[in-house]
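4 protein chains.
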Amino acid sequence: MEHAAAPISLEELNRVDREGFVAALGEVFEHAPWVAESVFAARPFATVDALFRAMTAAVLYGAAETQMALIKAHPDLAGKAAREGAITDDSKREQSSARLDRLSEEEFAAFHRLNNAYRAKFDMPFIICVRRHGKDSILRQFEKRLQNDNATERETALGEIFHIAALRLDQRVAGPDRLKVHGRLSTHVLDSHSGRPAQGVAIEFLEIEAAGTVRLLLRTTTNPDGRTDKPLIAGQPIPTAEYELRFAVGNYFAREKAPVADPPFLGIVPIRFAVAEPEAHYHVPIIVTPWSYSTYRGS
Amino acid sequence: MEHAAAPISLEELNRVDREGFVAALGEVFEHAPWVAESVFAARPFATVDALFRAMTAAVLYGAAETQMALIKAHPDLAGKAAREGAITDDSKREQSSARLDRLSEEEFAAFHRLNNAYRAKFDMPFIICVRRHGKDSILRQFEKRLQNDNATERETALGEIFHIAALRLDQRVAGPDRLKVHGRLSTHVLDSHSGRPAQGVAIEFLEIEAAGTVRLLLRTTTNPDGRTDKPLIAGQPIPTAEYELRFAVGNYFAREKAPVADPPFLGIVPIRFAVAEPEAHYHVPIIVTPWSYSTYRGS
Amino acid sequence: MEHAAAPISLEELNRVDREGFVAALGEVFEHAPWVAESVFAARPFATVDALFRAMTAAVLYGAAETQMALIKAHPDLAGKAAREGAITDDSKREQSSARLDRLSEEEFAAFHRLNNAYRAKFDMPFIICVRRHGKDSILRQFEKRLQNDNATERETALGEIFHIAALRLDQRVAGPDRLKVHGRLSTHVLDSHSGRPAQGVAIEFLEIEAAGTVRLLLRTTTNPDGRTDKPLIAGQPIPTAEYELRFAVGNYFAREKAPVADPPFLGIVPIRFAVAEPEAHYHVPIIVTPWSYSTYRGS
Amino acid sequence: MEHAAAPISLEELNRVDREGFVAALGEVFEHAPWVAESVFAARPFATVDALFRAMTAAVLYGAAETQMALIKAHPDLAGKAAREGAITDDSKREQSSARLDRLSEEEFAAFHRLNNAYRAKFDMPFIICVRRHGKDSILRQFEKRLQNDNATERETALGEIFHIAALRLDQRVAGPDRLKVHGRLSTHVLDSHSGRPAQGVAIEFLEIEAAGTVRLLLRTTTNPDGRTDKPLIAGQPIPTAEYELRFAVGNYFAREKAPVADPPFLGIVPIRFAVAEPEAHYHVPIIVTPWSYSTYRGS
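Residue numbers (our numbering), protein chains in the order written: chain A, 1188 to 1486; chain B, 1188 to 1486; chain C, 1188 to 1486; chain D, 1188 to 1486.
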């Protein structure tokens, strides 16, 4: 779910007039084109990161009421407006990334209840950078942040707005540098029965939801290097969530004519793990024989 | 699901009269007290194994028609007779061990179809030592053995009858030795973060059925040695089936105050494996840190 | 290097007269039969541990001068008296356990220098329970304890005397219990190429000295369980030292006809580790294929 | 030990006249500029590999006497000529790579004996591509090839000449492709105690000779990625030999304040392995905690 338009180069952005500048960046902060306007005079920007820091500084050094207005301009998560489509395109894309546009009635009710409790306590909408979380993680954050005091929560909301802005900016502007908004999840299968990468191992990659639901994200197969041709996740944050990789090593060793039992001791090897740093590199390999395996978090 | 009566000692069995002898052993072979009778004269037996070998020899050196009569005296698996309770108590207990007494209508129909096909081809009931197999494994054996020729299948049926007889004999007679009819499944959790056995790790032990059904067999917790107080399975064959152990290592490391991520990289560690040798010792340990683990089939 | 005479049973010890009692236990504390005498009246002892606690209490609750006299009754480590054989038989056996009776001239000079420095500072001999340490560990303790103040060092010396006494008592008295003075070092080789214990793997067990010297302690071979018939060390403390196990896995896999490279990737697998708890159980296994292995401290 | 002169580009080589062509390639085959001359007419070559295949074809399709003359033009290994410096510069550099220029008198005598036995049997010098072997491996090959028959050994000698030629050609000509004459040896240290690459682990890389001699090849330290800044070996074949990596993990975990024993269970972790494919990529990592580690051959 990417930003539709092609990104503008930083070079060009440094050249366009105020109108063009705001057209390009006005939506980086939700309903707040003033942020883009306020940094126009600071051009040229040498890097996308410099531009991003200028924009966040404009918010951080703004008046408390301005910050609160920015916060309040955000829609409820999985709220009525979202359900009726009455939110910005960016918000729509973002909320759909965590499947908030496909909630069951029960889940919708849970969000409704939490939104109300949150508004009642803090008098503002609950803001979270949805692309950095799975649905369970959003609910956990919701419950947790309801315990915060006002000052902490205002700060937390601004932090989330900056995460959202960084991702939006990254999609809109191409510069010599790249904001550190993307994680990467990769795997590898090493056959230590024969001392070489395992080729042709079928892999399923799933998200495990707290309710026990298992959602297939991807099916793939290892190449001659024992890797997948593309990372399992790249070019986006890895949503904080629980995942499972299932490696069909039984079929692999049968094809390789390794001596195995019938049925094989290891058929499907499931590796279940959670991601807690959406912008990090997670490498989750297995080193496997017909009778043993090991795994670890690499990077 | 054990034999109800207390076992007789081999010593006593060597002393009782023919009637007592046949009363004790007459049901070891289904509807075939003649096997017990035929070995009465060979008393005394020094070991249970010697007794068992005498009984199997009586069958193996019998006439072909006698062997076929023995085979035909067995009930259908999950058949009409079983459903209506019209089978021996031993058979009832055995069939219930693989939950053949709790089949869905679809499964019952599958068994019905296979029983008919088998009878049509071989003119005898399909015999398998049910205690050595999970339901899926029985169905796989059924399909596989339907491909056999008559001679092979007759031999296979006798082999299964001997497996059944060995288990029945083991439950009826206590001697200085024990027939090798029992497997053993154990586990161990080693915390290699702190270099000692992991105490208090919650474990779920499940059977995984081909249809995706997961059946909880046992919940337990590791003791100060990192082991379970009792083996997961002992004193019986380990049914050929696919199993999963789920280790709650996330909770363990949180309690141990090991530095973990939020959510922890490893919450539940699932180890899925199949048993192919019901009488063997399977030791399936994990060696685990908050960021890695390995497992292997030990013994 | 065991105590020569057969141990007396606790039962008998509870029955003998004062003379017999002191004859049996008089040498448990070096040149201090009064310790044995002082607990004679407390008979009978239900366990060896109760006896041991009574003897240590007699020392601990004694006068400071009595304690110091006990300390001073000990010979220098690797000192002139030891060199000339003018020490008790127990001391001789103990000092030889760490090869202090076979020092090079340089090592003898180092001990001489440390003994003098220690006497100059504390006015007493350096006491350490030699059976719990390799030579390097003794030297490290020597250097370290030279930094202590008088009170700490007097307490440390008594603690060492109790370690020595426990080992002497354990060799002299056999009771219903056993003092916790023995460690245990074992190993195991699991062939996870073929999923079973590795039989016939030649093992060398060595002590590594800081100077780089390597001393062969034992040559052995794995049995059908992948273990050694006897533990590598048992029935004594494991001296604090650095060790190396060398497993000839290349020859093993060649005999097993596993497909290996020429020369094999793994020929000798060396596992180097140090023991820091002489009374603990160290289990140091390898799980190995022709292309990989892992090890860990088990127990 | 690299070829001194800067390589010529394939493009230029395709343009120069016959004299320049032979000047550039005349020494690729020892004392056999005719090989270069014979492929001059086939220019231009699209790749270095095409050029190499043309040169080897010229030898392979040549007359048997020509081949034998080529073979006989090679000097003895560690022979008198080599000792006196009376061999080509290429040969000098090559022989020194396996330290054949620094043999002990005993080793020199062994080579002398083998050279004589080989010449007596085959009437030609023993040829081996020295850069692909450690000294022990050369001696093993020598003994092994002495068992060959004449035809096999002639073929083997030509194969070795092609290995030598490929390495010489690779150093002389730079093209769009690269001949597959280089291996690569790398390592990695993953700290699975804290779930990240281990930075600052001191590593010693050694060659282990059969006689027990250990030769330090390199000292290095892991960088923030847990890798070494440069591969342990790259840009050359990895000589077939036995190696040992020694990782100072005890110091690392002490610096990281991981709770370790005193002395630490793991101080130096030695990983001993042999290379059998000089042109392959060997990745030999460790995954380590204060109490466990694993290693495997990766690529």
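Positions of the beta carbon are idealized from the N, C-alpha and C atoms, including for glycine.
Assigned secondary structure, residue i (DSSP; H/G/I helix, E/B strand, else coil)
{"i": "methionine 1188(A)", "result": "Low local confidence applies: a pLDDT of 39 at methionine 1188(A) is under 50, so the model's placement there is unreliable, and no value is given."}
{"i": "serine 1379(C)", "result": "coil"}
{"i": "tyrosine 1305(A)", "result": "helix"}
{"i": "alanine 1219(B)", "result": "coil"}
{"i": "glutamate 1271(C)", "result": "coil"}
{"i": "serine 1291(A)", "result": "coil"}
{"i": "lysine 1331(C)", "result": "helix"}
{"i": "histidine 1261(A)", "result": "coil"}
{"i": "glutamate 1342(B)", "result": "helix"}
{"i": "tyrosine 1469(D)", "result": "strand"}
{"i": "glycine 1399(C)", "result": "coil"}
Contact set for residue i: own chain, Cβ-Cβ below 6 Å, skip 5 residues either direction
{"i": "glycine 1454(A)", "result": "Gly1437"}
{"i": "tryptophan 1478(A)", "result": "Phe1452"}
{"i": "alanine 1352(B)", "result": "Val1215 and Phe1216"}
{"i": "histidine 1218(A)", "result": "Ala1260"}
Candidates the options, of which the one nearest residue i by Cα
{"i": "isoleucine 1403(B)", "options": "Val1388(B), Gly1213(B), Leu1419(B) and Thr1415(B)", "result": "For the sequence presented, residue 1403(B) should be read as leucine rather than isoleucine. Comparing Cα positions, the closest option is Leu1419(B)."}
{"i": "glycine 1382(D)", "options": "Ser1278(A), Ala1244(A), Val1462(A) and Glu1394(A)", "result": "Val1462(A)"}
{"i": "serine 1373(D)", "options": "His1320(D), Arg1484(D) and Val1209(D)", "result": "Arg1484(D)"}
{"i": "phenylalanine 1392(C)", "options": "Phe1295(C), Val1447(C), Pro1424(C) and Phe1460(C)", "result": "Phe1460(C)"}
{"i": "phenylalanine 1227(D)", "options": "His1218(D), Leu1238(D), Thr1234(D) and Pro1194(D)", "result": "Leu1238(D)"}
{"i": "aspartate 1378(C)", "options": "Glu1224(C), Glu1292(C) and Gly1413(C)", "result": "Gly1413(C)"}
{"i": "tyrosine 1439(D)", "options": "Thr1476(D), Phe1349(D), Phe1295(D) and Phe1313(D)", "result": "Thr1476(D)"}
{"i": "threonine 1275(A)", "options": "Ile1390(A), Asn1303(A) and Phe1216(A)", "result": "Phe1216(A)"}
{"i": "isoleucine 1325(C)", "options": "Glu1294(C), Trp1221(C) and Leu1405(C)", "result": "Glu1294(C)"}
{"i": "histidine 1498(D)", "options": "Ile1390(D), Ala1441(D), Glu1330(D) and Thr1400(D)", "result": "The structure shown does not extend to residue 1498(D), since chain D is modelled only from 1188 through 1486, so no value can be given for it."}
Euclidean distance between Cα positions of residue i and residue j
{"i": "phenylalanine 1488(D)", "j": "arginine 1318(D)", "result": "Because residue 1488(D) is not part of the residues shown, which for chain D are 1188 to 1486, the question remains open."}
{"i": "glutamine 1254(C)", "j": "alanine 1260(C)", "result": "10 Å"}
{"i": "valine 1368(B)", "j": "isoleucine 1458(C)", "result": "38 Å"}
{"i": "alanine 1268(D)", "j": "serine 1283(D)", "result": "14 Å"}
{"i": "alanine 1448(A)", "j": "alanine 1344(B)", "result": "22 Å"}
{"i": "serine 1481(C)", "j": "arginine 1289(C)", "result": "37 Å"}
{"i": "methionine 1188(B)", "j": "aspartate 1236(B)", "result": "At methionine 1188(B), the pLDDT of 39 sits below 50, so the modelled position is not reliable; the number obtained from the coordinates is stated separately. If you take the alpha carbons of methionine 1188(B) and aspartate 1236(B), they lie about 23 Å apart."}
{"i": "alanine 1361(B)", "j": "threonine 1234(B)", "result": "9 Å"}
{"i": "alanine 1467(B)", "j": "alanine 1296(B)", "result": "33 Å"}
{"i": "alanine 1251(A)", "j": "leucine 1257(A)", "result": "10 Å"}
{"i": "glutamine 1487(A)", "j": "alanine 1193(A)", "result": "Nothing can be reported for residue 1487(A), as the shown portion of chain A is limited to 1188 through 1486."}
{"i": "isoleucine 1315(B)", "j": "valine 1456(C)", "result": "46 Å"}
{"i": "alanine 1285(A)", "j": "proline 1262(A)", "result": "16 Å"}
{"i": "leucine 1197(B)", "j": "arginine 1365(B)", "result": "11 Å"}
{"i": "serine 1225(D)", "j": "alanine 1241(D)", "result": "9 Å"}
{"i": "glutamate 1347(C)", "j": "arginine 1371(B)", "result": "45 Å"}
{"i": "asparagine 1201(D)", "j": "arginine 1359(D)", "result": "14 Å"}
{"i": "glutamate 1342(D)", "j": "asparagine 1335(D)", "result": "10 Å"}
{"i": "leucine 1301(C)", "j": "histidine 1470(D)", "result": "47 Å"}
{"i": "serine 1486(C)", "j": "leucine 1405(B)", "result": "26 Å"}
{"i": "glycine 1272(B)", "j": "valine 1246(B)", "result": "27 Å"}
Contacting residues, own chain, Cβ-Cβ under 8 Å from residue i (five flanking each side not counted)
{"i": "proline 1450(D)", "result": "Gly1437"}
Nearest-angstrom beta carbon gap, residue j and residue i [assumed within contact, 8 Å]
{"i": "glutamate 1340(C)", "j": "arginine 1327(C)", "result": "That belief does not hold up - the Cβ atoms of glutamate 1340(C) and arginine 1327(C) are roughly 16 Å apart, past 8 Å."}
{"i": "tyrosine 1430(B)", "j": "glutamate 1394(B)", "result": "6 Å"}
{"i": "leucine 1264(B)", "j": "phenylalanine 1298(B)", "result": "6 Å"}
Cβ-based neighbour list, residue i, same chain, cut-off 7 Å, excluding 5 preceding and 5 following
{"i": "valine 1388(A)", "result": "Val1376, Thr1408, Thr1409, Phe1434, Ala1435, Val1436 and Tyr1439"}
{"i": "glycine 1422(D)", "result": "His1369"}
{"i": "asparagine 1337(D)", "result": "Phe1309"}
{"i": "proline 1465(C)", "result": "Arg1319, Gly1370, Pro1424, Ile1425, Pro1426 and Thr1427"}
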